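Beneath this line is the structure, given in structure tokens, with notes to follow.
Residue numbers (my numbering): 113 to 410.
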């Protein structure tokens, strides 16, 4: 039976001062706390036994919010990461919970539109979920190279990405992952990196992948949080979003109409002071007026 793990630790320094009083994974994304979205991803995948790993400072907040999981039709367990040690170290705390079963691991700030149910299966090795992004954007995440259905290379936050396939915060591991984590050395920032654990599977030709098609956000910055909230609002309230778009388009139309009227008035005044030899200037002004259209503003 596949189990689920939500990693919701960290100090959320990029979202200060909001995270002075609570964990970033409890901040609202549109109309729900952030952690609801990774929880929903696991539930929709048919996973009923889920552990949440959080930092000591706000562990009680998760319990108060989510309780036993009965409200969601699942069983929730909790574990505390005493101090920051990296994603892989946080995952290692769930070894007893995993109990030699395959696990799906999702970062608590990751929001997915896709239903991953069809991708979840018990298998040897690991599976990572990738998203095609602009090459420049890949610098913010880990990136991967793939060939013949397997991952051949992974790198964490590369300065010069070799691929535009970004590693999302969604992974599937067999029970060997905990033995692998025990062999890892801390990175330059003093943490155990999940990318290093994945690379061990890559070296054994045991790392597989799926490519996410729908919306994905890590919601770990104010900008990505706003973007995620906006997209979720549009998805949940399509009619309301359409009406808002109609109002926006109407305002653009009025602005363009006013600009055209103003330019025509200017042209009339210029015409009164132009001789026949200045016909070229008149035609050029007319041409520029006609070029003004909606497409330049949308």
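By construction, the Cβ of each residue, glycine as well, lies at the ideal position given by its N, Cα and C atoms. Predicted model, so just to flag it, every value in this text is computed and none were measured.
If you draw a straight line from the Cα of residue 326 to the Cα of residue 337, it is about 17 Å long. When the alpha-carbon of residue 281 is set against those of 192, 239, 312 and 297, the nearest one is in 239. Separation of the CB atoms of residue 202 and residue 115 is rounded to 15 Å, and the pair is thereby denied contact status at 8 Å.
Annotation: residue 292 to residue 309 spans about 6 Å, alpha carbon to alpha carbon. Excluding five sequence positions before and after residue 212, the CB atoms of its chain that fall closer than 8 Å to its own CB belong to 287, given in chain order. In the pairwise beta carbon analysis, the stretch 243-261 is classified as touching the stretch 272-280: at least three pairs are separated by under 8 Å. Counting only runs of 4 or more residues that sit fully inside the stretch 231-296, the alpha helix (DSSP H) segments are 289-294, in chain order. Our two residues, residue 265 and residue 271, have alpha carbons roughly 15 Å apart in a direct line. Shortest Cα-Cα distance from residue 226 to any of 378, 143 and 155 involves 155. In this chain, the beta strand (DSSP E) harbouring residue 192 covers 187-193.
Taken through DSSP and simplified to helix, strand or coil, residue 379 comes out as helix. By the 16-neighbour rule on beta-carbons within 10 angstroms, residue 180 is exposed. In the structure shown, residue 148 adopts helical secondary structure according to DSSP, grouped into three states. With respect to residue 197, residue 303 sits close: the two C-beta atoms are nearer than 8 Å.
In this structure residue 328 is in contact with residue 223, their Cβ atoms being roughly 7 Å apart against a cut-off of 8 Å.
Residue pairing by DSSP leaves residue 339 without any beta bridge partner.
For residue 167, the enclosing beta strand (DSSP E) covers residues 161-167. Residue pairing of residue 313 in beta bridges, as defined by DSSP: absent, with no partner found.
Membership of residue 219 in the beta strand (DSSP E) is indicated by the continuous run 215-219.
Secondary structure of residue 327 (DSSP, three-state): coil. Around the beta carbon of residue 176, fewer than 16 other beta carbons lie within 10 angstroms, which makes this residue exposed. The C-alpha of residue 232 is placed about 21 Å away from the C-alpha of residue 204. Annotation for residue 199: the continuous alpha helix (DSSP H) segment containing it runs 199-204. Residue 121 and residue 157 have their C-alpha atoms spaced approximately 23 Å apart.
In the DSSP assignment, the residues bridged to residue 117 are 163 and 217.
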